[in-house]
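Residue numbers (this note's numbering): 66 to 342.
Think of the CB as a built atom: it goes at the ideal place given N, C-alpha and C, for glycine as much as any other residue.
Note that the coordinates shown come from a computational prediction; the quantities given were computed from them, not determined experimentally.
These notes are about the structure you will find just below.
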């Protein structure tokens with residue numbers, strides 16, 4: 066089993082790095098941290114240099130300054146890559162991390178080899194937007210764990226929750242332990258920036274995969290397809306019967322998808338065969 070010790074960049078970003086080969090960066094979702102990627106670190110590090118880090122306001126990384134936008138979160142990744150002397154990488158973003166990955170792709174295209182957006186949001190409906198704004202208000206009033214039970218129900222199947230109570234309890238504790246201001250700053254971006262520079266997405270030219278779960282209620286297959294339509298040559302994958310936290314609930318399935326994409330992208334073949342929605 067891979068056991069890693071977190072390190073810090075000069076700016077204070079906490080990260081894990083392991084493996085050799087082409088670099089792959091993993092960006093977690095809001096309220097979580099780099100530890101969510103345990104299954105992917107194990108599965109990808111046999112072939113790739115895997116880097117996972119804590120977003121601003123999360124884990125052991127510093128709190129974002131007031132008014133920080135998605136560009137500030139993309140800048141955090143640049144500082145990390147500079148520290149590790151990584152000129153280019155494939156970036157894999159989950160949920161809020163998908164928004165950061167998109168911002169990185171738009172602001173720093175010269176640093177990008179490939180792009181994967183997992184279980185992320187795009188072009189919310191009025192009803193979806195109202196729901197996430199309401200959750201933002203609850204978090205502002207009651208703290209990061211205000212919506213924990215509802216979130217876990219959206220994120221995981223009932224079967225997985227029942228079979229893994231210790232892991233679910235640890236995730237609940239992670240949510241409750243977030244810095245309130247850092248969490249709220251990030252959640253507000255998550256709630257409002259799903260259309261961030263949407264008209265510029267056509268400028269992304271690297272191999273791109275947009276994927277989600279068939280049963281993900283907040284990051285729907287329709288969102289994945291709409292986002293992919295904006296990015297030239299992007300591939301869509303919708304994993305059957307998967308919910309939001311599919312990288313955690315079904316790591317082997319997700320790793321198979323990621324490895325097929327990474328291998329094909331690195332050999333300049335058409336990404337993903339046979340798992341297209």
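Can you name, in chain order, every residue of its own chain whose Cβ lies under 7 Å from the Cβ of residue i, other than the five neighbours on each side?
{"i": "residue 244", "result": "122, 128"}
{"i": "residue 252", "result": "95, 201, 204"}
{"i": "residue 341", "result": "In this predicted model, residue 341 has a pLDDT of only 44, less than 50, meaning its place in the structure is not dependable enough to derive any value."}
{"i": "residue 13", "result": "The structure shown has nothing for residue 13, since the chain only spans 66 to 342."}
{"i": "residue 246", "result": "128"}
With DSSP collapsed to three states, give me the class of residue i.
{"i": "residue 143", "result": "helix"}
{"i": "residue 286", "result": "helix"}
{"i": "residue 174", "result": "helix"}
{"i": "residue 279", "result": "coil"}
{"i": "residue 300", "result": "strand"}
{"i": "residue 69", "result": "coil"}
{"i": "residue 159", "result": "strand"}
{"i": "residue 80", "result": "strand"}
{"i": "residue 107", "result": "helix"}
{"i": "residue 208", "result": "coil"}
{"i": "residue 92", "result": "strand"}
{"i": "residue 116", "result": "strand"}
{"i": "residue 271", "result": "coil"}
{"i": "residue 180", "result": "strand"}
{"i": "residue 218", "result": "helix"}
{"i": "residue 154", "result": "strand"}
{"i": "residue 240", "result": "helix"}
{"i": "residue 196", "result": "helix"}
{"i": "residue 310", "result": "coil"}
{"i": "residue 246", "result": "helix"}
{"i": "residue 320", "result": "helix"}
If you measure between the beta carbons of residue i and residue j, is that distance less than 9 Å?
{"i": "residue 286", "j": "residue 309", "result": "no"}
{"i": "residue 115", "j": "residue 81", "result": "yes"}
{"i": "residue 254", "j": "residue 295", "result": "no"}
{"i": "residue 19", "j": "residue 125", "result": "It is not possible to answer for residue 19, since the shown part of the chain is limited to 66 through 342."}
{"i": "residue 304", "j": "residue 318", "result": "yes"}
{"i": "residue 240", "j": "residue 96", "result": "yes"}
{"i": "residue 146", "j": "residue 154", "result": "yes"}
{"i": "residue 233", "j": "residue 217", "result": "yes"}
{"i": "residue 113", "j": "residue 88", "result": "yes"}
{"i": "residue 149", "j": "residue 327", "result": "no"}
{"i": "residue 272", "j": "residue 101", "result": "no"}
{"i": "residue 169", "j": "residue 314", "result": "no"}
{"i": "residue 290", "j": "residue 269", "result": "no"}
{"i": "residue 93", "j": "residue 179", "result": "no"}
{"i": "residue 18", "j": "residue 119", "result": "The question about residue 18 has no answer here: the residues shown for the chain are numbered 66 through 342."}
{"i": "residue 297", "j": "residue 248", "result": "no"}
{"i": "residue 85", "j": "residue 320", "result": "no"}
{"i": "residue 279", "j": "residue 307", "result": "yes"}
{"i": "residue 83", "j": "residue 250", "result": "no"}
Quick one: what's got a C-beta closer than 6 Å to residue i's C-beta in the same chain, skipping five residues either side?
{"i": "residue 284", "result": "184, 185, 186, 277"}
{"i": "residue 256", "result": "197, 198, 201"}
{"i": "residue 171", "result": "262, 265"}
{"i": "residue 71", "result": "79, 81"}
{"i": "residue 211", "result": "203, 204"}
{"i": "residue 160", "result": "94, 184, 185"}
Kindly say whether residue i, judged by its beta-carbon, lies nearer than 9 Å to any beta-carbon of chain D.
{"i": "residue 115", "result": "Of the protein chains in this structure there is only one, and it is not chain D."}
Using a Cβ-Cβ cutoff of less than 8 Å, which residues in the same chain neighbour residue i once the five nearest sequence positions on both sides are dropped?
{"i": "residue 137", "result": "121, 129, 130"}
{"i": "residue 213", "result": "237, 240, 241"}
{"i": "residue 206", "result": "none"}
Measure how close the beta-carbons of residue i and residue j come, nearest whole angstrom, since I'm counting them as under 8 Å.
{"i": "residue 143", "j": "residue 90", "result": "Actually they do not touch by this definition, with Cβ atoms about 11 Å apart."}
{"i": "residue 76", "j": "residue 99", "result": "Not really, about 16 Å apart at Cβ, beyond 8 Å."}
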